[in-house]
């Protein structure tokens, strides 16, 4: 959704393709919210919070949107280095009183871009398979990687080890 505000018009953001792309990035969530938190906490409460969820995450994947982002201060999961273990420490640390359930809520699923995947392009690569603990990613015919979306827990652990950046995360907004 483009920023059609008077401010954007006056600064000429609509003229330059790079500025339009930067504005689109500023308006788009960077990742899914932490489990349990996204569905139970009002965004305004997160904006005013000291974000203990960021500090307690053992995987260090809980980040906050930057101050210039439309979602400034709201936590999100960054799968660029690791995946979520669904340990619940972020929910336990949340001062908004998040109730944690035994089953983590679905935050999204991994998507496989076969045009970028090495295994689909004649290179033997199974980097992602070692990190998928539930078997949603598996080896199929001709050593190609297959994704069983229904089995994916949305932990994102397979994203960082992929050398081709063929795995992305489709999250619910």
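Residue numbers (our numbering): 964 to 1136.
Quick reminder that beta carbons are idealized off the backbone N, C-alpha and C, glycines included.
No experiment lies behind these values; they were computed from the predicted model shown.
Bounding residues of the beta strand (DSSP E) (the contiguous stretch that carries residue i)
i            : result
residue 1102 : 1100-1102
residue 1074 : 1071-1075
residue 1133 : 1130-1134
Beta-carbon proximity check, residue i vs residue j, cutoff 8 Å
i            : j            : result
residue 1073 : residue 1034 : no
residue 1107 : residue 1082 : yes
residue 1045 : residue 1024 : yes
residue 1039 : residue 998  : no
residue 1057 : residue 1004 : yes
residue 1031 : residue 989  : yes
residue 1055 : residue 1063 : yes
residue 1119 : residue 1050 : no
residue 1002 : residue 1068 : yes
Strand pairing of residue i, partner residues [DSSP]
i            : result
residue 1108 : 1102
Where the alpha helix (DSSP H) through residue i begins and ends
i           : result
residue 990 : 980-990
Cβ-Cβ separation, residue j to residue i (assumed contact under 8 Å), whole Å
i            : j            : result
residue 1053 : residue 1020 : 6 Å
Which whole runs of the beta strand (DSSP E) in the stretch 999-1063 are 3 residues long or more, in chain order?
-> Every beta strand (DSSP E) stretch that sits fully inside the stretch 999-1063 and reaches 3 residues is listed by chain position as 1025-1027 and 1038-1040.
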